[in-house]
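Structure first, then comments.
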Amino acid sequence: MSRATGGPQRTLAVKDAPERIVLDLGGGVKMEFVRIKAGEFMMGSGNGEADEKPVHEVTISRDFWMQTTETTQAQWEAVMGKKPSYFKGADLPVEDVSWENCREFMKKLNEKAKEQLEGKTAGLPTEAQWEYACRAGSTGKWCFGDDENKLGDYAWHQGSLKGNTQPVGQRKPNSWGLCDMHGNVWEWCEDWYGVYPSEAVTDPNGPASGKQRCLRGGSWVNAAAEVRASVRLKGFPLNRVRLVGFRVALR
């Protein structure tokens, strides 16, 4: 239903960059990131929803680091000093946070972890970075391919028969070390929502302006087809929903 063609070709990597980064947020709370090497991939799906088309070539020209899990409630509290989530649990993904809330989180995280970041900046991933990292080289519907019978190994979704969010990192990671890229909570991305280009692009970051921001990944209430790698959702930047969280990218 959502097959893109082509696969990543890892190029333009930053020499001597760390493969993993761990930020110490204090109080025993840490945040782990894995290096995502630069490369190319085919973004979107020719067989998915209308906004997943056209499939187009994207070049990610620089390495970046993606949080290995969705941001947890403990991590949010360590940075913000608040507990906004509807569901409660330190290891559950933080949810019920708006895009604007996430922006404030990034500002405070960059201040709190300035020395540890060593010149890098924390922010939301772009939509292209998110799909590239999610696919991890796969051209199938999900990060592991097209076999829906395997989805339960990787995702908390409607078929998991759980009535709420689940602790992060309990399902299998994709081949690049990222957990929960399918399901659990939708994840905010940096971009304004817009129509895909038809031509090849490098480091796209969406329209210059808009009304709604992009979300990716699906949630615990979504069916298998709705947590595919190419599925897109949009939301107003001030909206707070218990199905929506995020993860951090370092650049």
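For the sequence shown, my numbering assigns the number 811 to the initial residue and increments by one for each residue that follows.
The beta carbon of each residue, even a glycine, is placed where N, CA and C say it ideally should be.
Within 8 angstroms, strictly: CB atoms of residue i and residue j
i, j, result
"F874", "A1033", "no"
"S908", "L902", "no"
"T878", "L1053", "no"
"G955", "H992", "no"
"Q885", "K893", "no"
"C912", "A1039", "no"
"G933", "E1000", "yes"
"G876", "R1057", "According to the sequence shown, residue 876 is Met rather than Gly. In contact: M876 and R1057 (Cβ atoms closer than 8 angstroms)."
"R1061", "T931", "yes"
"N974", "F897", "yes"
Classification of residue i by the beta-carbon crowding that lies within 10 angstroms, buried from 16 upward
i, result
"D990", "buried"
"H951", "The displayed chain sequence assigns Lys, not His, to residue 951. Its Cβ being crowded by 16 or more others within 10 Å, K951 is buried."
"R820", "Here the model assigns R820 a pLDDT of 38, short of 50, so the residue's position is not dependable and the matter cannot be decided."
"F1046", "exposed"
"S948", "buried"
"L919", "buried"
"T881", "buried"
"D957", "exposed"
"V995", "buried"
"P1017", "exposed"
"Q939", "buried"
"L1043", "buried"
"A943", "buried"
"V1005", "exposed"
Span separating the alpha-carbon of residue i from that of residue j
i, j, result
"F843", "V978", "14 angstroms"
"S970", "S1029", "11 angstroms"
"A946", "S985", "6 angstroms"
"V889", "K847", "28 angstroms"
"A795", "D906", "With the chain covering 811 to 1061 only, the question about residue 795 has no answer from this structure."
"G856", "K982", "27 angstroms"
"E925", "E887", "20 angstroms"
"Y1003", "E928", "31 angstroms"
"E937", "V1037", "15 angstroms"
"M853", "E862", "8 angstroms"
"M811", "G858", "Any reading at M811 must be qualified, since the residue scores a pLDDT of 31, below 50, and its modelled position is unreliable; the value itself is stated next. Rounded to whole angstroms, M811 to G858 spans 6 angstroms at the Cα level."
"V824", "A923", "For V824, the predicted model reports a pLDDT of 45, less than 50, meaning its position is unreliable; a value from the coordinates is still stated below. Those two C-alpha atoms are separated by around 22 angstroms."
"H967", "L1025", "16 angstroms"
"Q976", "G1020", "32 angstroms"
Residue i Cβ short of 7 angstroms to the ligand PLP heavy atom set
i, result
"L1043", "As presented, the structure is devoid of all ligands, the ligand PLP included, so that no description of it is given."
Tell me whether the stretch 865 to 874 and the stretch 951 to 967 touch, counting them as touching only if at least three CB pairs, one residue from each stretch, are closer than 8 angstroms.
no
Mind pulling the beta strand (DSSP E) runs of 3 or more residues that sit fully within the stretch 982 to 1017?
996 to 1002
If you pair each beta-carbon of the stretch 832 to 839 with each one of the stretch 997 to 1013, do three or more pairs fall below 8 angstroms?
no
Unbroken stretches of the alpha helix (DSSP H), 4 residues or longer, contained in the stretch 834 to 878:
none
Could I get the ranges of all uninterrupted alpha helix (DSSP H) runs contained in the stretch 1018 to 1059, with 4 residues as the minimum, in chain order?
none
Can you give, in chain order, each stretch of the alpha helix (DSSP H) that sits fully within the stretch 885 to 936 and has at least 4 residues?
909 to 922, 924 to 927
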